[in-house]
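Trainee: Numbering (the working numbering), first residue to last: 24 to 170.
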Amino acid sequence: MPVVVTGALDYPRDANFDYADMWAFVWDAYTHREQWWLTGEEEALQQEILSHHEDATMESIILDTFKFIDAGTGEKLDSSNRTIKMTNTQIIEYLPKNITNTRASQMGVKKALDGLGVKKTKSRLYLMPPLFPTVMLNHVSDGEIPI
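1. Using beta-carbon positions only, say whether Leu-150 and Phe-89 come within less than 7 Å of one another.
2. Report, in whole angstroms, the separation of the C-beta atoms of Ser-128 and Ile-107, which I expect to be a contact under 8 Å.
3. First and last residue of the beta strand (DSSP E) that includes Leu-150?
4. Nearest-angstrom Cα distance between Met-24 and Tyr-42?
5. Quick check on Asn-39: buried or exposed, where buried means 16 or more other Cβ atoms within 10 Å of its Cβ?
6. Give the DSSP-derived three-state secondary structure of Ile-122 in the structure shown.
7. Are Ile-72 and Ala-135 close, meaning C-beta to C-beta below 7 Å?
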């Protein structure tokens with residue numbers, strides 16, 4: 024009995040909802056060997072959905088860190104604005120502290136930058152736009168020198 028979620032789950036929040044009855048239903052289905060695990064096809068679908076969610080998050084974090092969009096016009100800045108050469112590791116250093124320099128983070132950054140159309144030099148450096156001033160200030164206060 025797989026459940027497909029396409030939005031927020033709505034559940035009864037009133038005092039009259041009988042949670043014990045709900046869990047009795049779930050327990051009965053479980054003890055009668057109803058399928059509760061994902062099938063191979065459902066697992067593949069879940070992985071596909073989760074991979075897009077992660078990439079969108081990384082892309083939005085990068086957009087919040089680097090000036091890809093003109094604040095005045097709201098338009099995407101062209102590639103002539105991207106003059107700062109940075110490695111994947113250097114880019115991660117300017118992202119929020121909860122994003123650590125792991126292989127997964129590096130791959131997420133790479134995929135997000137590819138989606139944003141960021142070019143790479145032959146020496147594996149990304150041509151990045153400037154950092155937002157608030158990002159630079161945060162790194163100065165941490166004792167780091169911004170690019």
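Note that beta-carbon positions come from the ideal geometry of N, C-alpha and C, so glycine has one too.
Everything numeric in this text was worked out from a predicted model, so none of it was measured.
Mentor: Let me spell this out:
1. no
2. About 19 Å; that fails the 8 Å criterion.
3. 149–151
4. Residue placement at Met-24 cannot be trusted, given a pLDDT of 47 that sits under 50; the coordinates are not used to answer.
5. exposed
6. coil
7. no
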